[in-house]
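Protein chains: 2
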Amino acid sequence: MDDSRLKALRSLMAENGIDLYYVPSADDHETEYVVDHFEARRFLTGFTGDAGVAVVTKDRAGLWTDGRFFIQAEEQLKGSGFSLYAMGQEGVPTVEEFMAAELPQGGVIGFDGKVVNTRDGRAFERIAAAKGGALKTDRDLADVIWTDRPPLASSPVFALEEKYCGENTASKLSRIRAKMREAGTGWHLVSSLEEIAWILNVRGNDIPSVPVIYSFLLIGEDRADWFVDEHCVSDGIRKTLTAAGVSLRPYDAVYEAVSCLPAGSSVLLDTGKVNYRLTGLLPESVTICDADDPAILMKAVKNNTEIANIREAHICDGIAVARFMHWLKTNIGKIPMTELSVSDYLESLRAAQPGFVEISFTTISAYQANAAMMHYAPTPENNAELKPEGFLLVDSGGHYLTGSTDITRTFVLGPITAQQKRDFTLVVKGNLNLANQKFLYGCTGLNLDILCRSSLWNLGIDYQCGTGHGVGYLLCVHEGPNGFRWKDRRGANCVLEAGMVTTDEPGVYIGGEYGIRIENELLCKKAEKNFYGQFLEFENITYAPIDLDAIDPSLLSDADLKQLNDYHARVYETLAPRMEEDERVWLREYTRPLER
Amino acid sequence: MDDSRLKALRSLMAENGIDLYYVPSADDHETEYVVDHFEARRFLTGFTGDAGVAVVTKDRAGLWTDGRFFIQAEEQLKGSGFSLYAMGQEGVPTVEEFMAAELPQGGVIGFDGKVVNTRDGRAFERIAAAKGGALKTDRDLADVIWTDRPPLASSPVFALEEKYCGENTASKLSRIRAKMREAGTGWHLVSSLEEIAWILNVRGNDIPSVPVIYSFLLIGEDRADWFVDEHCVSDGIRKTLTAAGVSLRPYDAVYEAVSCLPAGSSVLLDTGKVNYRLTGLLPESVTICDADDPAILMKAVKNNTEIANIREAHICDGIAVARFMHWLKTNIGKIPMTELSVSDYLESLRAAQPGFVEISFTTISAYQANAAMMHYAPTPENNAELKPEGFLLVDSGGHYLTGSTDITRTFVLGPITAQQKRDFTLVVKGNLNLANQKFLYGCTGLNLDILCRSSLWNLGIDYQCGTGHGVGYLLCVHEGPNGFRWKDRRGANCVLEAGMVTTDEPGVYIGGEYGIRIENELLCKKAEKNFYGQFLEFENITYAPIDLDAIDPSLLSDADLKQLNDYHARVYETLAPRMEEDERVWLREYTRPLER
Numbered sequence: 001m002d003d004s005r006l007k008a009l010r011s012l013m014a015e016n017g018i019d020l021y022y023v024p025s026a027d028d029h030e031t032e033y034v035v036d037h038f039e040a041r042r043f044l045t046g047f048t049g050d051a052g053v054a055v056v057t058k059d060r061a062g063l064w065t066d067g068r069f070f071i072q073a074e075e076q077l078k079g080s081g082f083s084l085y086a087m088g089q090e091g092v093p094t095v096e097e098f099m100a101a102e103l104p105q106g107g108v109i110g111f112d113g114k115v116v117n118t119r120d121g122r123a124f125e126r127i128a129a130a131k132g133g134a135l136k137t138d139r140d141l142a143d144v145i146w147t148d149r150p151p152l153a154s155s156p157v158f159a160l161e162e163k164y165c166g167e168n169t170a171s172k173l174s175r176i177r178a179k180m181r182e183a184g185t186g187w188h189l190v191s192s193l194e195e196i197a198w199i200l201n202v203r204g205n206d207i208p209s210v211p212v213i214y215s216f217l218l219i220g221e222d223r224a225d226w227f228v229d230e231h232c233v234s235d236g237i238r239k240t241l242t243a244a245g246v247s248l249r250p251y252d253a254v255y256e257a258v259s260c261l262p263a264g265s266s267v268l269l270d271t272g273k274v275n276y277r278l279t280g281l282l283p284e285s286v287t288i289c290d291a292d293d294p295a296i297l298m299k300a301v302k303n304n305t306e307i308a309n310i311r312e313a314h315i316c317d318g319i320a321v322a323r324f325m326h327w328l329k330t331n332i333g334k335i336p337m338t339e340l341s342v343s344d345y346l347e348s349l350r351a352a353q354p355g356f357v358e359i360s361f362t363t364i365s366a367y368q369a370n371a372a373m374m375h376y377a378p379t380p381e382n383n384a385e386l387k388p389e390g391f392l393l394v395d396s397g398g399h400y401l402t403g404s405t406d407i408t409r410t411f412v413l414g415p416i417t418a419q420q421k422r423d424f425t426l427v428v429k430g431n432l433n434l435a436n437q438k439f440l441y442g443c444t445g446l447n448l449d450i451l452c453r454s455s456l457w458n459l460g461i462d463y464q465c466g467t468g469h470g471v472g473y474l475l476c477v478h479e480g481p482n483g484f485r486w487k488d489r490r491g492a493n494c495v496l497e498a499g500m501v502t503t504d505e506p507g508v509y510i511g512g513e514y515g516i517r518i519e520n521e522l523l524c525k526k527a528e529k530n531f532y533g534q535f536l537e538f539e540n541i542t543y544a545p546i547d548l549d550a551i552d553p554s555l556l557s558d559a560d561l562k563q564l565n566d567y568h569a570r571v572y573e574t575l576a577p578r579m580e581e582d583e584r585v586w587l588r589e590y591t592r593p594l595e596r
Numbered sequence: 001m002d003d004s005r006l007k008a009l010r011s012l013m014a015e016n017g018i019d020l021y022y023v024p025s026a027d028d029h030e031t032e033y034v035v036d037h038f039e040a041r042r043f044l045t046g047f048t049g050d051a052g053v054a055v056v057t058k059d060r061a062g063l064w065t066d067g068r069f070f071i072q073a074e075e076q077l078k079g080s081g082f083s084l085y086a087m088g089q090e091g092v093p094t095v096e097e098f099m100a101a102e103l104p105q106g107g108v109i110g111f112d113g114k115v116v117n118t119r120d121g122r123a124f125e126r127i128a129a130a131k132g133g134a135l136k137t138d139r140d141l142a143d144v145i146w147t148d149r150p151p152l153a154s155s156p157v158f159a160l161e162e163k164y165c166g167e168n169t170a171s172k173l174s175r176i177r178a179k180m181r182e183a184g185t186g187w188h189l190v191s192s193l194e195e196i197a198w199i200l201n202v203r204g205n206d207i208p209s210v211p212v213i214y215s216f217l218l219i220g221e222d223r224a225d226w227f228v229d230e231h232c233v234s235d236g237i238r239k240t241l242t243a244a245g246v247s248l249r250p251y252d253a254v255y256e257a258v259s260c261l262p263a264g265s266s267v268l269l270d271t272g273k274v275n276y277r278l279t280g281l282l283p284e285s286v287t288i289c290d291a292d293d294p295a296i297l298m299k300a301v302k303n304n305t306e307i308a309n310i311r312e313a314h315i316c317d318g319i320a321v322a323r324f325m326h327w328l329k330t331n332i333g334k335i336p337m338t339e340l341s342v343s344d345y346l347e348s349l350r351a352a353q354p355g356f357v358e359i360s361f362t363t364i365s366a367y368q369a370n371a372a373m374m375h376y377a378p379t380p381e382n383n384a385e386l387k388p389e390g391f392l393l394v395d396s397g398g399h400y401l402t403g404s405t406d407i408t409r410t411f412v413l414g415p416i417t418a419q420q421k422r423d424f425t426l427v428v429k430g431n432l433n434l435a436n437q438k439f440l441y442g443c444t445g446l447n448l449d450i451l452c453r454s455s456l457w458n459l460g461i462d463y464q465c466g467t468g469h470g471v472g473y474l475l476c477v478h479e480g481p482n483g484f485r486w487k488d489r490r491g492a493n494c495v496l497e498a499g500m501v502t503t504d505e506p507g508v509y510i511g512g513e514y515g516i517r518i519e520n521e522l523l524c525k526k527a528e529k530n531f532y533g534q535f536l537e538f539e540n541i542t543y544a545p546i547d548l549d550a551i552d553p554s555l556l557s558d559a560d561l562k563q564l565n566d567y568h569a570r571v572y573e574t575l576a577p578r579m580e581e582d583e584r585v586w587l588r589e590y591t592r593p594l595e596r
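In structure tokens form, the structure reads like this:
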């Protein structure tokens with residue numbers, strides 16, 4: 001790419017009196033998945049990786065990204081006028097350090113206030129203030145240059161009936177208002193698309209694999225306003241929402257609405273989520289109560305209807321995955337297969353299941369060394385051919401009306417080494433040890449994570465990421481606040497509650513050689529309550545064989561083997577009645593009890 | 001006890017214009033172990049339990065204590081005029097709630113500002129302020145009534161030579177001053193007796209089993225003042241300290257010293273430790289930098305000299321315990337034994353070891369059901385006779401010039417039940433699983449605790465306390481900040497560092513039946529550093545047989561059995577060369593490898 005875009009941006013900066021311009025990879029809602037419309041950073045720099053931030057001054061232009069993307073960024077930035085700032089490398093300043101150093105005395109920092117959250121915006125305020133400077137945040141300069149910018153999607157909204165969602169909007173609003181009263185606030189501004197979809201029991205198609213709708217929700221004590229493209233909402237949905245006290249207003253009207261909040265009122269919002277433009281419009285006398293959206297925790301604790309549905313979704317999904325495994329292991333080496341072709345085949349099997357909506361994320365179909373890259377996904381340009389040897393890792397899932405799934409299996413396609421077998425066996429051991437642990441109420445993911453890592457750490461191996469994350473119900477497959485992690489980060493301290501669903505996905509990743517991951521979803525449930533307190537346990541709700549061809553039983557204790565055999569017995573009992581006779585014969589073989 | 005003391009206190013309160021008087025169980029330094037001199041609460045109420053707080057108003061007098069002491073308190077408070085406020089029971093107000101409710105409008109809260117820490121004192125300020133009232137904290141009213149109050153001990157100070165402590169005072173002060181500079185403070189007031197003893201490499205005998213000296217230490221940028229009873233300090237020690245820039249001043253002079261700190265200066269101190277009287281004397285213009293004493297973390301990370309010494313202390317201690325076990329198991333049922341008599345015998349075996357100073361805490365020698373009470377210690381009035389059946393739990397330790405030990409063994413004296421054997425075996429399994437876990441740098445006790453609890457929790461059993469605590473070097477056996485706990489409390493988040501020593505003491509406590517605990521000390525050490533990061537591991541530094549008579553090998557995996565057999569092999573190799581021939585024969589039998 002040439003540097004014409006950078007030049008155009010600099011000329012706009014000069015016109016607007018801006019000394020330093022900041023362009024993140026984010027939308028107006030801090031959504032995890034950023035659609036093309038919001039990829040201004042990609043447009044300006046030419047760098048197509050998922051994570052990155054661009055900062056431009058009169059003389060310098062930098063692109064910050066992390067280790068996953070260094071090589072790609074170096075390549076793609078050529079000629080663009082942007083230099084790579086390799087995050088975390090010695091001597092490389094952080095974005096904030098760069099801004100503080102490069103902003104001239106009395107200078108102006110510019111950015112589009114809609115795509116920067118309030119917390120970051122305030123940090124930039126402080127950087128400017130330290131130089132006696134100011135911010136200019138009311139214009140998206142990239143938009144001026146970006147003449148062929150893809151439009152923002154506005155897909156039809158569909159309602160999630162109560163048989164799927166289990167709780168109506170009036171009830172959800174009433175629970176949220178109770179939390180507002182506890183916090184002493186009369187208003188709550190919800191900017192996160194997943195929380196809005198959950199509260200209003202609606203879904204859309206604005207983002208691939210994340211069935212949400214671009215919108216804002218402003219909840220008052222006795223009213224609520226949904227700021228959304230009204231053309232996408234049917235009369236039926238409008239009527240249902242009206243009955244719950246929710247009025248529809250145009251998407252952009254939220255900016256005027258917040259500026260008209262009553263003087264002296266208090267509004268609950270998460271400054272890490274709500275964009276800087278919005279909070280900047282709040283009247284002086286309105287105070288912000290900065291806290292997580294109450295809906296986050298409510299959404300994470302699935303209700304009984306959702307739980308019953310999710311169980312069904314996982315059985316359907318398990319049939320697709322088991323069928324895929326049968327096909328894969330039967331045909332490998334006999335018919336041509338690539339990472340993409342098998343991934344497409346798996347999608348077709350899911351699509352045949354009742355209630356299927358779409359795949360819940362881009363399938364990771366990774367052969368041999370490709371699987372060592374945790375976030376690898378094949379493309380037509382980079383699509384390995386599968387051979388009857390080694391491992392194929394497939395991390396995939398489906399959105400169903402009955403919930404979302406996220407499952408990883410690593411399949412043996414042919415001969416594997418003793419080390420591969422050992423690593424696979426220890427990953428399975430960790431996965432099952434966590435799934436079978438009973439624990440006292442009050443535990444967080446910090447307490448339990450080591451159950452997955454114990455055997456690997458004893459060999460000096462780590463998988464360098466969390467062990468698991470919460471899963472949405474026909475929403476984002478990565479959902480907080482629950483998770484299994486050993487490092488204390490935001491959210492890691494969430495107490496596990498009955499009704500939460502969390503993935504259990506240890507792995508081993510040997511760069512340039514192979515990758516192994518086994519991922520099931522665990523439903524947290526109440527176990528006995530006794531003298532010591534309330535115990536909780538997990539129900540393993542993912543049903544698909546774990547490839548016995550890679551298990552070395554001599555590395556498992558009797559207790560480990562029982563856990564594996566019990567799991568496989570449940571997989572067989574659950575799936576077999578819904579499968580064909582030849583599949584059942586195969587399934588029985590691949591769920592057979594192992595002995596030492 | 002009659003209510004004459006309460007009446008006398010109320011009359012003093014009236015004279016001094018005090019509406020509500022507060023008496024905690026604490027000394028001027030917030031030391032864990034409170035000596036008789038400071039037991040004003042015990043003097044006033046007649047209640048002799050370790051934990052309790054008294055609050056007196058014109059019409060009411062309450063004693064707050066926790067569940068361990070309800071029965072004892074009910075009994076001992078009879079006639080004293082004090083009522084029991086059973087903490088944690090439904091409908092029972094907390095001390096603060098009681099104070100807020102009972103303080104009259106414009107009323108005065110009184111307490112001895114020396115025995116209340118600054119944080120609590122400030123909370124009481126707020127309670128008084130809410131009522132338009134005030135505090136009066138300059139008089140210890142109990143002292144007026146308590147005519148036969150035991151004097152404060154002033155025992156001779158002894159120096160810990162560098163061959164024992166491994167780092168001189170000048171070096172320690174220099175490290176602390178670096179932390180003071182980081183915090184931007186020119187002064188640091190140390191009130192905790194253990195930190196002072198560590199910094200100055202001195203020990204005393206002011207508190208039984210906690211070899212510290214009542215004193216304060218005020219550290220400046222280029223001077224330090226030790227406020228102490230100077231008569232207890234020899235010329236030699238004084239000279240050593242002077243060389244390190246430490247001057248001696250009278251104990252009480254600290255109060256004037258803080259009032260003379262330079263205007264505008266900043267002082268690092270822990271408001272949860274430093275008493276309210278002291279901080280109240282700071283000049284208005286002096287700011288407090290409220291933080292943990294830097295010495296706490298430095299003290300927890302043992303240096304190489306200390307580590308070498310501690311290893312030796314544990315071998316000596318292990319010989320005493322193994323000898324005790326041999327004697328106990330050989331003679332039970334043949335000679336009379338009580339909880340106290342065997343505890344005295346064990347002390348005599350420790351006393352015969354080189355470098356022995358004193359026992360490191362009151363021995364818990366608890367037979368059968370007594371062992372279910374975690375903090376039980378026998379007294380002449382309550383001293384069970386041992387019979388050749390069931391379990392005897394002995395939790396004991398020694399202070400040596402080479403360090404302090406804390407070890408628990410549960411011994412089989414005769415027939416035990418299958419359930420007892422199961423519980424014992426699972427406690428041992430947990431103990432060894434934790435001790436043998438390798439882990440990445442960054443882990444805290446929160447991450448590792450479940451390794452001890454896993455098998456017990458799976459049976460719905462918990463031991464209702466932390467798994468382990470740090471251990472001082474010839475200091476308090478309970479030392480922070482390291483520990484193994486599953487609940488996130490102050491200190492539980494301490495990252496484990498190489499050089500820290502932490503106990504590993506899971507247990508099972510069945511009320512009215514039996515108690516089991518196995519406690520070893522684990523030294524944290526660096527293991528390999530590789531692509532994944534710095535791994536750490538533990539060295540089990542406690543050497544004494546774990547009673548094989550209570551192990552059911554069928555409940556252990558091959559890996560568990562290997563851990564047990566490896567441990568016992570090390571115990572034999574380490575202790576046998578220093579023991580007598582008949583002891584060696586016995587030791588070999590009780591450290592033999594088990595098979596399934």
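As you go down the protein sequences, you meet chains A and B in turn.
Using my numbering, read the first sequence as starting at 1 and increasing by one per residue.
Using my numbering, read the second sequence as starting at 1 and increasing by one per residue.
Beta carbons: idealized from backbone N, C-alpha and C, even for Gly.
In the DSSP secondary-structure assignment, residue 568/B is not bridged to any residue. For residue 553/A, the three-state secondary structure derived from DSSP is helix. Assignment of beta strand (DSSP E) within the region 380-440 of chain A, counting only whole runs of 3 or more residues, yields 391-396, 398-400, 407-412 in chain order. Looking at the DSSP output, residue 190/B shares a beta bridge with 217/B.
Residue pairing of residue 365/B in beta bridges, as defined by DSSP: 394/B. For residue 443/B, the chain A residues whose Cβ falls inside 7 Å of its Cβ are 486, in order along the chain.
Of all residues in the region 459-477 of chain A, only 459, 460, 461, 462, 463, 464 come within less than 9 Å of chain B when Cβ atoms are compared, listed by chain position. Here residue 355/B really is in contact with residue 401/B; their C-beta atoms are around 4 Å apart, less than 8 Å.
Secondary structure at residue 260/B: coil, using DSSP grouped into helix, strand and coil. Two segments are said to touch when three or more pairs of C-beta atoms, one from each, lie closer than 8 Å; by this definition the region 459-479 of chain A touches the region 492-506 of chain A. In the DSSP assignment, residue 280/A falls within the alpha helix (DSSP H) that extends over 276-280. In this chain, residue 288/B is not harboured by any alpha helix (DSSP H); it is covered by the beta strand (DSSP E) spanning 287-290. Listed in chain order, the beta strand (DSSP E) runs fully inside the region 97-160 of chain B are 108-111, 134-136, counting runs of at least 3 residues. Where residue 273/B is concerned, there is no enclosing alpha helix (DSSP H), because DSSP gives it neither an H nor an E. Contact between residue 160/B and residue 203/B is confirmed by a C-beta separation of about 6 Å, below the 8 Å threshold.
The residue from 539/B, 255/B, 364/B, 250/B with its alpha-carbon nearest to that of residue 307/B is 539/B. By the CB criterion at 9 Å, residue 298/B and residue 172/B fall inside the cutoff.
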